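Each residue of the sequence shown is one higher than the one before, starting from 84 at the first, in this note's numbering.
Just so it is clear, CB atoms sit at the ideal spot from N, CA and C, and this is done for glycine as well.
Quick caveat: nothing in here was measured; it's all calculated off a predicted structure.
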Amino acid sequence: MSRRTSRSRRQHGSAPAHSPACPCGLAEPYERCCGRFHRGAAKAPTAEALMRSRYTAFVKRNEQYLLGTWHPSTRPATLDLDPGTRWTGLEILGTTDGTAFHGTGTVTFRASFRGGSLHERSRFERVEGAWVYVDGEFLDG
C-alpha cells in the first residue's frame, strides 16, 4: 500500500498565509491593528489604543506618527530615536478613563527593550476629538 503525503500548495518563496501579530501585543496583524492608525485610515479610539500605536511607532521608528500624536503644548520640535534600541514587548499594567466618554486618561505600562525596560504612567487628552499623548511619569521597577 502506498503512502500519500500532502504537499503545501504555496510556492517556494511566497509569503505565508498569515501576518505576524502587531508589535503592540495584540493578536491582530500590524496592518489591521496599529498600521491603520499609522496610515491615517483611523484614529485611536481610546488612550490605550493610542499608547499601543505609539509603542509600535517606536518599534518601527515612525517619528512622524509620534510627533503627530503628541499634545501641541508638550511636543518636541524633533525626535532623535536611537536606531540601536530593540523594543521587545509592551505590557499594559493599568488604565484610568481614556474611553470615548472621557476627555483625559492615563495608561501605566512597561515597555521592554534589549537590556532593560521602561515603566511609565502616561497622560493623554482628547484634542479636537483625537487622543494625544501629553506626558509621562517614570515609575520605579
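With fewer than 16 other beta carbons inside 10 angstroms of its own, Thr168 counts as exposed.
Minimum Cα-Cα distance from Glu220 among the listed residues Arg197, Arg193, Cys105 and Phe141 corresponds to Arg193. Across the set Lys126, Ser205 and Asp223, the C-alpha of Ser205 shows the shortest separation from the C-alpha of Thr157. Going by DSSP, Gly177 is part of no alpha helix (DSSP H) but of the beta strand (DSSP E) stretching over Trp170 to Asp180. Apart from sequence neighbours up to five positions away, the residues of its chain that approach Ile175 with a beta-carbon distance below 8 Å are Gly108, Glu131, Met134, Arg135, Val190, Thr191 and Phe192, ordered along the chain.
Taking one beta carbon from each stretch, the region 145-163 and the region 181-189 have fewer than 3 pairs nearer than 8 Å; the two do not touch. With contacts defined by Cβ atoms closer than 8 Å, Leu222 and Glu203 form a contacting pair.
In the structure shown, the three-state DSSP call for Arg204 is strand.
Membership of Gly188 in the beta strand (DSSP E) is indicated by the continuous run Thr187 to Phe196. Rounded to whole angstroms, the Cβ separation of Pro166 and Val142 is 12 Å, and the two are not in contact under 8 Å.
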